[in-house]
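A.B. asks:
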Amino acid sequence: MEQQYNPKTIEHEVQQYWENHHSFKAVEDPQQEKYYCLSMFPYPSGNLHVGHVRNYTIGDVLARFHRMLGKNVLHPIGWDAFGLPAENAAIQHQVAPAKWTYQNIQHMKKQFKQLGLGYDWDREIATCHPEYYRWEQWLFIKLYEKGLVYKKNAVVNWDPVDQTVLANEQVIDGRGWRSDAKVERREIPQWFLKITAYAEELLNDLDKLTEWPEQVCTMQRNWIGRANGICIQFDTVDLKTINTIEVFTTRPDTLHGVTYLALAPEHPLSLQAAENNSRLKAFIQDCRSLKVAEAEIATLEKQGIDTGLKAVNPINGEIVPIWVANYVLMEYGSGAIMAVPAHDQRDFEFAKIYNLPIRQVIQPQNTTKEAPCDLTKAAFTEKGHLIHSGQFNGLSSEQAFKAVGDLLQEKNQGKPEIHWRLRDWGVSRQRYWGTPIPMINCPKCGTVPVSEKDLPVILPEDVHFEGVGSPLKKMPEFYETNCPSCSGKAQRETDTFDTFMESSWYFARFACPRQNQTMFDNSVNYWLPVDQYIGGIEHAILHLLYSRFFYKAMRDLGLVKNDEPFKRLLTQGMVLKDGFKMSKSKGNTVDPKSLMEQYGADTLRLFLMFAAHPEQSLEWSDSGVEGAFRFLKRLWSKTAEQVKIKKTRNSNISLSSTAFSSEALSESQKTLRRLCHETIEKVTDDYGRRHTFNTAIAALMELMNALTRFPIQTDMDYLIAEEVLEAIILMLSPIAPHITHALWHALDHQKAILEEQWPKVDTFALITDTLEMVVQVNGKVRAQIVVPIHSDDETLKKMVLNHENVQRHIQGKIIRKVIIVPTKLINVVVS
RNA sequence: GCCGGGAUGGCGGAACUGGUAGACGCGCCAGACUCAAAAUCUGGUAAUGGCGACAUUGUGAGAGUUCGAUUCUCUCUCCCGGCACCA
Numbered sequence: 021m022e023q024q025y026n027p028k029t030i031e032h033e034v035q036q037y038w039e040n041h042h043s044f045k046a047v048e049d050p051q052q053e054k055y056y057c058l059s060m061f062p063y064p065s066g067n068l069h070v071g072h073v074r075n076y077t078i079g080d081v082l083a084r085f086h087r088m089l090g091k092n093v094l095h096p097i098g099w100d101a102f103g104l105p106a107e108n109a110a111i112q113h114q115v116a117p118a119k120w121t122y123q124n125i126q127h128m129k130k131q132f133k134q135l136g137l138g139y140d141w142d143r144e145i146a147t148c149h150p151e152y153y154r155w156e157q158w159l160f161i162k163l164y165e166k167g168l169v170y171k172k173n174a175v176v177n178w179d180p181v182d183q184t185v186l187a188n189e190q191v192i193d194g195r196g197w198r199s200d201a202k203v204e205r206r207e208i209p210q211w212f213l214k215i216t217a218y219a220e221e222l223l224n225d226l227d228k229l230t231e232w233p234e235q236v237c238t239m240q241r242n243w244i245g246r247a248n249g250i251c252i253q254f255d256t257v258d259l260k261t262i263n264t265i266e267v268f269t270t271r272p273d274t275l276h277g278v279t280y281l282a283l284a285p286e287h288p289l290s291l292q293a294a295e296n297n298s299r300l301k302a303f304i305q306d307c308r309s310l311k312v313a314e315a316e317i318a319t320l321e322k323q324g325i326d327t328g329l330k331a332v333n334p335i336n337g338e339i340v341p342i343w344v345a346n347y348v349l350m351e352y353g354s355g356a357i358m359a360v361p362a363h364d365q366r367d368f369e370f371a372k373i374y375n376l377p378i379r380q381v382i383q384p385q386n387t388t389k390e391a392p393c394d395l396t397k398a399a400f401t402e403k404g405h406l407i408h409s410g411q412f413n414g415l416s417s418e419q420a421f422k423a424v425g426d427l428l429q430e431k432n433q434g435k436p437e438i439h440w441r442l443r444d445w446g447v448s449r450q451r452y453w454g455t456p457i458p459m460i461n462c463p464k465c466g467t468v469p470v471s472e473k474d475l476p477v478i479l480p481e482d483v484h485f486e487g488v489g490s491p492l493k494k495m496p497e498f499y500e501t502n503c504p505s506c507s508g509k510a511q512r513e514t515d516t517f518d519t520f521m522e523s524s525w526y527f528a529r530f531a532c533p534r535q536n537q538t539m540f541d542n543s544v545n546y547w548l549p550v551d552q553y554i555g556g557i558e559h560a561i562l563h564l565l566y567s568r569f570f571y572k573a574m575r576d577l578g579l580v581k582n583d584e585p586f587k588r589l590l591t592q593g594m595v596l597k598d599g600f601k602m603s604k605s606k607g608n609t610v611d612p613k614s615l616m617e618q619y620g621a622d623t624l625r626l627f628l629m630f631a632a633h634p635e636q637s638l639e640w641s642d643s644g645v646e647g648a649f650r651f652l653k654r655l656w657s658k659t660a661e662q663v664k665i666k667k668t669r670n671s672n673i674s675l676s677s678t679a680f681s682s683e684a685l686s687e688s689q690k691t692l693r694r695l696c697h698e699t700i701e702k703v704t705d706d707y708g709r710r711h712t713f714n715t716a717i718a719a720l721m722e723l724m725n726a727l728t729r730f731p732i733q734t735d736m737d738y739l740i741a742e743e744v745l746e747a748i749i750l751m752l753s754p755i756a757p758h759i760t761h762a763l764w765h766a767l768d769h770q771k772a773i774l775e776e777q778w779p780k781v782d783t784f785a786l787i788t789d790t791l792e793m794v795v796q797v798n799g800k801v802r803a804q805i806v807v808p809i810h811s812d813d814e815t816l817k818k819m820v821l822n823h824e825n826v827q828r829h830i831q832g833k834i835i836r837k838v839i840i841v842p843t844k845l846i847n848v849v850v851s
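Counting the first sequence from 1 gives a position; our numbering is that position plus 20.
1) For E189, count neighbouring Cβ atoms within 10 angstroms of its own Cβ and tell me buried if that reaches 16, exposed if not.
2) Give every residue of the same chain whose Cβ lies closer than 8 angstroms to the Cβ of I262, excluding the five residues on either side of it in the sequence, and list them in chain order.
3) Would W232 and I561 be called neighbours here (beta carbons separated by less than 8 angstroms)?
4) Just to confirm, is the Cβ distance from T712 to V236 under 8 angstroms?
5) Does the beta-carbon distance from Y56 to L376 come in below 8 angstroms?
6) To the nearest angstrom, how far is it from the Cα of A573 to the Cα of L163?
7) What span of residues does the beta strand (DSSP E) with L479 cover, start to end?
8) Straight-line CA distance for K301 to W640?
9) Distance check for I208 and P496, CA to CA, integer angstroms please.
10) Could you tell me how far apart the beta carbons of T269 and Q253 are, in whole angstroms, since I believe they sit closer than 8 angstroms?
11) When you compare the CB positions of I755 and V93, do they come within less than 8 angstroms of one another, or not?
12) Would you tell me roughly how many angstroms separate the C-alpha atoms of R654 and V73, rounded to the nearest one?
13) Spatial neighbours of F85 within its chain, please: CB distance less than 8 angstroms, with the 5 preceding and 5 following residues excluded, ordered by chain position.
14) Mind listing, in chain order, the continuous alpha helix (DSSP H) runs of no fewer than 4 residues lying wholly within the stretch 513-556?
15) So is V841 buried or exposed if we call it buried at 16+ other beta carbons inside 10 Å?
16) Report all residues from its chain with a CB closer than 6 angstroms to the CB of Y553; omit the five preceding and five following residues, and keep chain order.
17) The beta strand (DSSP E) with V257 in it runs from where to where?
18) Express the C-alpha separation of H408 and L395 in angstroms, rounding to a whole number.
19) For the beta strand (DSSP E) that contains N825, what are its first and last residues?
20) Could you give the C-beta distance for F368 and A399, rounded to a whole number, given that I count them as a contact under 8 angstroms?
21) Can you find at least 3 beta carbon pairs, one from the stretch 125-138 and one from the stretch 172-190, that sit closer than 8 angstroms?
22) So, helix, strand or coil for D326, using DSSP?
23) Note down, in chain order, each residue of its chain lying with its Cβ closer than 8 angstroms to the Cβ of M88, except the 5 sequence neighbours on either side.
24) Tell me the rounded alpha-carbon separation between E390 and T274.
25) Please determine, among H149, S490, I460, A146, the residue with the shortest C-alpha to C-alpha distance to C506.
26) By DSSP's criteria, D179 is part of a beta bridge. Which residues make up the other side?
27) In this structure, how does DSSP classify Y55 when only helix, strand and coil are distinguished?
28) To the nearest angstrom, how far is the alpha carbon of D364 from that of Q183?
29) Work out the CA separation of Y499 and H484 for me, nearest whole Å.
30) Would you mind working out which of Q636, Q662, S637, L624 sits nearest G647, comparing C-alpha positions?
31) According to DSSP, what are the bridge partners of F586?
32) What's the C-alpha gap between A861 and P285?
33) Let me know if L320 comes out buried or exposed under the rule of 16 or more other beta-carbons within 10 Å of its beta-carbon.
34) Which residue comes first and which comes last in the beta strand (DSSP E) that contains G620?
35) Kindly indicate the opening and closing residues of the alpha helix (DSSP H) around Q35.
36) Between the Cα of L720 and the Cα atoms of T704, Q733, T734, which residue gives the shortest distance?
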């Protein structure tokens, strides 16, 4: 074998070997346990960044590890190919989005191969291929037939100069990014998927996701936001057109504390009131220049205007003013709220600004007298018991919830309701580079879905892209068609789907990506659900929730079995540099290409897995890479040395591994074997259960250090060294697959390392007869003692109290107690 | 603003169930090899005091629970992710 580690030639050769042997081709085999490992597919932006490398290396490590455990592994990859950046590139570089995207895919594919990622390339998919999106169009029509699709008006960011809809990302400080014009909210008809029909199940099934990070489940729970409350009707005073205002509240117990109502600026009554109120009209107009983003509204300085109208509190007949306020969302509830400044922080802030009364009606638990709590700085938002609430005084918040609800229901002015924060999913995008929505607008028949036999509706790829508006709207050859129902002249939808549509089902299509008769065939029942899904924490809500929704909807259409698509989830942290998410705009990207050229893919993979726990954000540093490279070089020369010894020694010195357990081993031999098998135990757990590749690598480095210090003099030394070295190489192979492939071959193995089994723990090697315990006095470490295993408490106590350093610290003091934590620690408490 | 997460040596990080804080790596220091340098190998490396044994302090800040807290509870500061048209 070569004396020098030369990653460039090795990696190329090994990659060639995998290619020639179709090493990663996945074939269904009902006899074998399957393992479907998937990293979230990338958007083909053109350049690979370190975050990608991290994501795909984690997936590759797990796929290779489970393969060595004997499972039938599916590890596919594809491209989330539709999206806004392609349109931007089209404008910037005068290249069609399709061409730009395909070039990027080619480029990134090459880089993925250079990274040594073990994908089944036969299953590669790109979402911009008609063979892919035809099934999305087909599914959309099925969902339409099932009543899960509807059309309604919804607000978008409208650029009045460019006459185009803008993404939130394209609105900067309230202005269009290209035109710099003040953005307006505009309502246009759009398609929606009824995800709220699954709200309950999406919430409840989170409990089944025991192998998901708890924080992701919590975020989804909050996002779905089940709210148990009461819908209350306030009658308006002297108003004929709109005689009630509906509000939703989760705190009916605070109903006596209502001092005003607040309407969203888009609320029908707001608009009506503005008709002969120019100040209000101007205010509503002002609110319209807001970007369509919740964060935008929530961080606003609270503003509002009194409409002059009044409403009646149904519980006590009190007349309260009706305001229009910018902090009330039209999308949530009924677009109107009852304001209780004393017990809601946002209402409190608003009331402070406009000098509206703040009336306490809830008193903290455990307080008996009716003393007002401090409401000068903030609202009291917790539950308690009622005061100043007439007949309800003295009730707890929970009791009042029911009592108030009952009374309102009796008076026919309210009813219990469950509200969801989750809103239906708007899937229309007024953009070119996306899946065409398979709908036809007929002047006679209205909206009609495209016939199944006419699918796919193909997106024309050869277009002239100006950047203002979608080219589809200027292409009669695209939109002019006939109505499937009456055959008369009709027009196609020119909007395309939200790109989250494609990513909500691609994981299932990997089971049968070339199937052109049906969306899925029987192979989905073999491969799904995904056993391990890996992706950025930034996808914790939207992508994962949409995918869960799709899966349930597809289940109800009989397309898949099971309730949840992803059994186990690993959310990787961001790769940061100088404390920021890497992005082109910040100019802080690290190019993996130059690192790969300098050190090779194995070093880059090793470093990324070593630098941090996969779920934590990773602070990039160039210097650490050197250390990973050094480790591989040491492993290389250690193996070369071992091979040399092998050649000089008698060839018949092979012993079966049981021989290692014999009493004949020396202390140092036993110690090294024990460390080796402890390491196998730890690394197996780190890979399989904990997914902490960083600590697995640290353990392998420690074992390597021990091996380096172990002198080889006898045949037994040599055999033990070989056992340890082979264990290190095998356990490192999922992370550094090229070098370990070469080293395994150099150690005279015929089988390729990726066909080998994961090393097994020899429990005999773990046996020891002493252990080290820590001795504390009053919780401070004062000594370490080596004790025979299974020592009884009395013996331990005696040993500890006789210890010189312990004696010094307990001298002249009274021993209060001695705490013994078996196998770990003894704490002497004195005073 | 709301929801979720994070903060540990000069740096990246480890400490899994409340039990030796700083594993492993980087960097730095010293030594070996070398005419010299690079590479490589060996040893040291939280701070303070001490020749040393050892002692004191120390995990963003402040409080609390406990024999014992990086770990649990509360309050706060700063940073990161998401907030429905970036993917």
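Here a beta-carbon is modelled for each residue, glycine too, at the ideal position from N, C-alpha and C.
C.D. replies: Put simply:
1) Residue mapping note: residue 189 aligns to position 169 of the first sequence, counting from 1. Exposed, because fewer than 16 other Cβ atoms sit within 10 Å of the Cβ of E189.
2) The sequence position of residue 262 within the first sequence is 242, counting from 1. Apart from the 5 residues on each side of it in sequence, I262 sits with its Cβ closer than 8 angstroms to the Cβ of T256, P288, L289, Q292 in its chain, given in chain order.
3) Looking up residue 232 in the first sequence gives position 212. Looking up residue 561 in the first sequence gives position 541. Not a contact, by the Cβ cut-off of 8 angstroms.
4) For this step, residue 712 is matched to residue 692 along the first sequence. For this step, residue 236 is matched to residue 216 along the first sequence. The answer is no: Cβ separation not under 8 angstroms.
5) Residue numbering aside, residue 56 sits at position 36 when the first sequence is read from its first letter. Residue numbering aside, residue 376 sits at position 356 when the first sequence is read from its first letter. For the pair Y56 and L376, the CB atoms are not nearer than the 8 angstroms cut-off.
6) Numbered from its first residue, the first sequence carries residue 573 at position 553. Numbered from its first residue, the first sequence carries residue 163 at position 143. For A573 and L163, the distance between alpha carbons rounds to 8 angstroms.
7) The count along the first sequence starts at 1 and reaches residue 479 at position 459. First-last for L479: undefined, no H or E at that position.
8) For this step, residue 301 is matched to residue 281 along the first sequence. For this step, residue 640 is matched to residue 620 along the first sequence. Computed Cα separation, rounded: 52 angstroms.
9) One-based indexing of the first sequence puts residue 496 at position 476. One-based indexing of the first sequence puts residue 208 at position 188. Taking the straight line joining both Cα atoms gives about 22 angstroms.
10) Against the first sequence, residue 269 aligns to sequence position 249. Against the first sequence, residue 253 aligns to sequence position 233. With a Cβ gap of about 12 angstroms, T269 and Q253 do not count as contacting.
11) Taking the first residue of the first sequence as 1, we reach residue 755 at position 735. Taking the first residue of the first sequence as 1, we reach residue 93 at position 73. Their beta carbons are not under 8 angstroms apart, which means I755 does not touch V93 by this criterion.
12) Here residue 654 is taken as the residue at index 634 of the first sequence, counted from 1. Here residue 73 is taken as the residue at index 53 of the first sequence, counted from 1. Spanning the alpha carbons of R654 and V73 requires a straight line of approximately 24 angstroms.
13) Along the first sequence, one-based indexing puts residue 85 at 65. By the criterion of a C-beta distance shorter than 8 angstroms, F85 is surrounded in its chain by Y707, G708, P754, W778, once the five residues flanking it on both sides are discounted.
14) Annotation note: the stretch 513-556 contains the following uninterrupted alpha helix (DSSP H) runs of length 4 or greater, listed N- to C-terminal: 520-523, 526-529, 543-547.
15) Reading the first sequence from its first residue, position 821 is the one you call residue 841. By the Cβ-count criterion, V841 is exposed, with fewer than 16 other Cβ atoms from all chains shown falling within 10 Å of its own Cβ.
16) As a working mapping, residue 553 is identified with position 533 in the first sequence. Only residues of its own chain outside the window of five on either side were considered, and among them L58, F586, L589 have a CB closer than 6 angstroms to the CB of Y553, listed in chain order.
17) Mapped onto the first sequence, residue 257 falls at position 237. Segment: none, V257 is in no beta strand (DSSP E) and carries neither H nor E.
18) Taking the first sequence and counting its residues from 1, one reaches residue 395 at position 375. Taking the first sequence and counting its residues from 1, one reaches residue 408 at position 388. Roughly 15 angstroms between the two C-alpha positions.
19) Along the first sequence, one-based indexing puts residue 825 at 805. It is not in any beta strand (DSSP E) - N825 instead sits in the alpha helix (DSSP H) that spans 824-830.
20) By 1-based counting over the first sequence, the position of residue 368 is 348. By 1-based counting over the first sequence, the position of residue 399 is 379. With 8 angstroms as the limit, F368 and A399 qualify as a contact, their Cβ atoms being about 4 angstroms apart.
21) For the pair of segments examined, the stretch 125-138 was found not to touch the stretch 172-190: the number of CB pairs separated by less than 8 angstroms stays below three.
22) As a working mapping, residue 326 is identified with position 306 in the first sequence. In the three-state reduction of the DSSP assignment, D326 falls in the strand class, which pools E and B.
23) The residue given as residue 88 occupies position 68 in the first sequence. Sequence-distant Cβ neighbours of M88 in its own chain, meaning closer than 8 angstroms and more than five residues away, are L750, S753, P754, L774, E776, Q777, W778.
24) The residue you call residue 390 lines up with position 370 of the first sequence. The residue you call residue 274 lines up with position 254 of the first sequence. Confidence at E390 is low in this model, with a pLDDT of 49, below 50, so the placement of that residue should be treated as unreliable; the coordinate-derived value is given next. One alpha carbon belongs to E390, the other to T274, and they sit about 16 angstroms apart.
25) Position 486 of the first sequence, counted from the start, is the residue given in the question as residue 506. The shortest Cα separation from C506 among H149, S490, I460, A146 belongs to I460.
26) Looking up residue 179 in the first sequence gives position 159. Beta-bridge pairing links D179 to T184.
27) By 1-based counting over the first sequence, the position of residue 55 is 35. For Y55, the secondary structure class from DSSP, reduced to helix, strand or coil, is strand.
28) On the first sequence, residue 364 is found 344 positions in, with the first residue counted as 1. On the first sequence, residue 183 is found 163 positions in, with the first residue counted as 1. Rounded to the nearest angstrom, the two C-alpha atoms are 40 angstroms apart.
29) Sequence index remark: in the first sequence, residue 484 carries index 464 (1-based). Sequence index remark: in the first sequence, residue 499 carries index 479 (1-based). So the two alpha carbons sit approximately 16 angstroms from each other.
30) Along the first sequence, read from residue 1 onward, the residue named residue 647 stands at position 627. It is L624.
31) As a first step, residue 586 is located in the first sequence; it is residue number 566 there, counting from the start. In DSSP, F586 forms a bridge with V550.
32) Because the chain here runs from 21 to 851, residue 861 falls outside it and cannot be looked at.
33) In the first sequence, the residue the question calls residue 320 occupies position 300. Its Cβ having fewer than 16 others within 10 Å, L320 is exposed.
34) Taking the first sequence and counting its residues from 1, one reaches residue 620 at position 600. Careful: G620 lies outside any beta strand (DSSP E) and carries neither H nor E.
35) Residue numbering aside, residue 35 sits at position 15 when the first sequence is read from its first letter. Annotation for Q35: the continuous alpha helix (DSSP H) segment containing it runs 27-41.
36) For the purposes of this step, residue 720 is taken as residue 700 along the first sequence, with counting starting at 1. If we check each option's Cα against that of L720, T704 comes out closest.
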